[in-house]
Each structure stands twice: as C-alpha cells, then as structure tokens.
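A.B. asks: Dumping the structure here so I can ask a few things about it.
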Amino acid sequence: MVDTNGKMFRDPKVLQDEITRAVGAYFKHQVRVVQQNESLWVEIEFDIGSGMNSRASKGLGERTERMYLVYPPHSSFLFATSFKASTSTRLIESFPILMQAFCVVFGCQEIEKVQLEGKDVTKLIGLALEKLSQGAFSLYRVCASMFDFNPLENPEHLRKKRREVINMMMCEQRKQERENLLEREEKNKVVAKSRIRKPKHKFASIGADDAAAKFNSLCFKSTNDFVVPGCSGDGVVSNFSCFIRFEGSNVLQGIEALYENDLVVQGREIPQALDPNEILAKHLGTEESEKEVSGDESPADTTNTVVWMKTG
Numbered sequence: 233m234v235d236t237n238g239k240m241f242r243d244p245k246v247l248q249d250e251i252t253r254a255v256g257a258y259f260k261h262q263v264r265v266v267q268q269n270e271s272l273w274v275e276i277e278f279d280i281g282s283g284m285n286s287r288a289s290k291g292l293g294e295r296t297e298r299m300y301l302v303y304p305p306h307s308s309f310l311f312a313t314s315f316k317a318s319t320s321t322r323l324i325e326s327f328p329i330l331m332q333a334f335c336v337v338f339g340c341q342e343i344e345k346v347q348l349e350g351k352d353v354t355k356l357i358g359l360a361l362e363k364l365s366q367g368a369f370s371l372y373r374v375c376a377s378m379f380d381f382n383p384l385e386n387p388e389h390l391r392k393k394r395r396e397v398i399n400m401m402m403c404e405q406r407k408q409e410r411e412n413l414l415e416r417e418e419k420n421k422v423v424a425k426s427r428i429r430k431p432k433h434k435f436a437s438i439g440a441d442d443a444a445a446k447f448n449s450l451c452f453k454s455t456n457d458f459v460v461p462g463c464s465g466d467g468v469v470s471n472f473s474c475f476i477r478f479e480g481s482n483v484l485q486g487i488e489a490l491y492e493n494d495l496v497v498q499g500r501e502i503p504q505a506l507d508p509n510e511i512l513a514k515h516l517g518t519e520e521s522e523k524e525v526s527g528d529e530s531p532a533d534t535t536n537t538v539v540w541m542k543t544g
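Mind the numbering: the sequence shown is residues 233 to 544 in this note's numbering, read in order.
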C-alpha cells in the first residue's frame, strides 16, 4: 500500500517514464506499461547478475528477473507478483532497493505491506477499491455523490474546474489521514523531560505571603481523551471525566514536585489548573477556595477546572 501524496498516474507512458528514471538509477532494465481494465499493468525486466555498477552498459545480460505490478489509478494500492521458492537470492536481496525506487515514483516515504493475497489480481483490486469506498470520508463516495464522478475514469474527460476540486479533496483527505496518524502516535509517546514542562516561576516567587499558604486539600475535574494501551481500535476513550484530589501537608509544594521530578509522563503538558501560581492567583483568598462543591453541583464543565480548595 502506497501513500501517493497527491501524485497520480493515469497515462501508461508517464508511469513508464517515471519507473524507468527511478529503477534505472540502480539496475539495467526494461519497462513496459499498458492499460487494461481501468488499471495500469507493469512488467519490469532487470539484470541483477552484475550488481548495480553494471547499469552503465547497454542491454540486459543473461541473468535477468521479471516483476509484474498492477496499479489502479487514483488509489493507494500497488499490487505485485509474489516470488517463487526458486527465486534467486540476489533478487530477494534487491527487493528493498526496488521498493525504494517505487517510493521515488509515487512520492512517498515507504510502502506498507497489507494482508491481501490471492491468485486473481482483478478480484483483489475489486476488494481493495471496495475498502476505499467505505466510511463517511470515502474519496470515491464523496466524489460520486458530489460530482457523479468515477475516480477511475480518465480525469482529462472532466472539466478543468471539476478536476481541480476533486484533486484538492483527495489531497486534503490524505493530509488529514497523515495528521490523524501522527496525532495518535504522539499521544502514546512518553514526553521527555524538558524545561517547558516546568512552571514559569519557582514556587512563591510571586510573593512571600503566598509561600505561607499551605493548602492541604485540592480537587479539580479533568475531562479529556484517554489513551488505553492494548485496547482494540485506536485505544482512545473520548471525553473521559474524573475528579482528581490531592491531599498532604502542603499540596502546592507537592504539585511543584511533579514538575521538578518529571513525574507526569503521558503525552501532554501538565494542565494549567495544576500551576501553583495560577491556583494562588485565581483562588487564594476567595470564597471559592473555602467552599466544597459536590460533583453534581460542580462548576467544572470544562477540562481541568478547580472544584474546591481547603486550608484545613
């Protein structure tokens, strides 16, 4: 499976030229591309007998290998023939190099192998494209409903404005999918210790009187997405709400210790509600700081909102 990154091929000659340019950097080869059944069928014959340094000489040697590919235009799938048991070791060793060349052709960083195998490639193509037609944000469904457009048709038959809109929609969806993937990965990362995660000022730096404030109980409500490792799907529980309570001889100093010792490691900054200076500035000496509020009556209707604080 390839991320075409907005780079699409419909013309067999264009795809053939791109493959020739990319593979030619590594091997002597011959490429043939034909269009059949709304897909581009590719045959690559290359010489691996003398290694990559032999590409300067003309013609193929006796030790040649063949590889067949099928690419449905405007899709993110690239079908390749499997290797037989008798396939030479040199071809298997050269396979990653070929994949890198195809990454150059389609403008992607890597090619991901999907669990989709079978003897009839036309049926596999149908299954793959059927998968793309599922979901509310399907490229095919959106295009068909808005423009009565089959993405496998030749875009040159469409008016220029419609082609531009459709290409823009496809690029936007691919961009959104990449951003969603990066966001999910970021949520599962452990944030390295850094000065950014520490409070802007040392405790009590805003005034000597504040240092004498020794809250021994603090409760706030947090509403956020919660990442659960090992769960099915993306493992994210949306809008998870809970009350968090701190107790001790000096809660504010304990909270500051979270910053200094980097004890909060889930992939986000420590919430502003836990900044000792923010707590002192907004709640010290107010009626709220002495009032206990039950969960049902809690004014905490947003993420990380202080519910109550007590000094004794």
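Ideal placement from N, C-alpha and C gives every residue a C-beta, glycine not left out.
From a predicted model like this one, the values you see are computed outputs, not experimental measurements.
How should Val337 be labelled, buried or exposed, when 16 other C-beta atoms within 10 angstroms of its C-beta is the threshold for buried?
C.D. replies: With 16 or more other Cβ atoms within 10 Å, it is buried.
A.B. asks: Determine, using beta carbons only, whether Phe327 and Leu356 come nearer to each other than 8 Å.
C.D. replies: No.
A.B. asks: Using DSSP with H/G/I as helix, E/B as strand and the rest coil, what is Val346?
C.D. replies: Correct three-state label for Val346: coil.
A.B. asks: Using a Cβ-Cβ cutoff of less than 6 Å, which residues in the same chain neighbour Phe478 once the five nearest sequence positions on both sides are dropped?
C.D. replies: Counting only Cβ-Cβ distances below 6 Å, and skipping sequence neighbours, we find Leu450.
A.B. asks: In three-state DSSP terms, what is Ser326?
C.D. replies: Ser326 falls in the helix class under three-state DSSP.
A.B. asks: Secondary structure at Lys351, three-state DSSP: helix, strand or coil?
C.D. replies: Residue state, collapsed to three classes: coil.
A.B. asks: Please state whether DSSP places Phe309 in a helix, a strand or coil.
C.D. replies: DSSP places Phe309 in coil when its eight states are reduced to three.
A.B. asks: In chain order, what residues of the same chain have a beta carbon less than 7 Å from the beta carbon of Arg410, not counting five sequence neighbours either side?
C.D. replies: Excluding residues within five positions, none has a Cβ falling inside 7 Å.
A.B. asks: How far does the alpha helix (DSSP H) with Asp279 in it extend, from its first residue to its last?
C.D. replies: First-last for Asp279: Ser271 to Asp279, but that is the beta strand (DSSP E), not the alpha helix (DSSP H).
A.B. asks: Tell me the DSSP secondary structure of Arg406 in three-state form.
C.D. replies: In the structure shown, Arg406 sits in a helix (DSSP, three-state: H, G or I).
A.B. asks: How is the beta strand (DSSP E) around Gln268 delimited, first residue to last?
C.D. replies: Note, Gln268: beta strand (DSSP E), Lys260 to Gln268.
A.B. asks: Distance check for Ser307 and Cys403, CA to CA, integer angstroms please.
C.D. replies: Approximately 12 Å, taken between the alpha carbons.
A.B. asks: Please state whether DSSP places Phe472 in a helix, a strand or coil.
C.D. replies: Phe472 falls in the strand class under three-state DSSP.
A.B. asks: If you draw a straight line from the C-alpha of Gly350 to the C-alpha of Thr313, how long is it?
C.D. replies: Whole-angstrom Cα-Cα distance: 10 Å.
A.B. asks: Taking Ala360 and Phe309 to be in contact with their CB atoms under 8 Å, please state how far apart those CB atoms are, rounded to whole angstroms.
C.D. replies: Indeed they touch by this definition, with Cβ atoms about 5 Å apart.
A.B. asks: Please look up how many angstroms separate the CB atoms of Val246 and Ser271, rounded, as I've assumed it's under 8 Å.
C.D. replies: About 15 Å separates the two Cβ atoms, so there is no contact after all.
A.B. asks: Please list, in chain order, all residues of the same chain as Glu277 whose beta carbon is under 6 Å from its beta carbon, the five residues on each side excluded.
C.D. replies: Gln262, Thr296 and Arg298.
A.B. asks: To the nearest angstrom, how far is the alpha carbon of Phe475 from that of Thr455?
C.D. replies: Distance between the alpha carbons of Phe475 and Thr455: 9 Å.
A.B. asks: How should Glu344 be labelled, buried or exposed, when 16 other C-beta atoms within 10 angstroms of its C-beta is the threshold for buried?
C.D. replies: With fewer than 16 Cβ atoms within 10 Å of its Cβ, Glu344 is classed as exposed.
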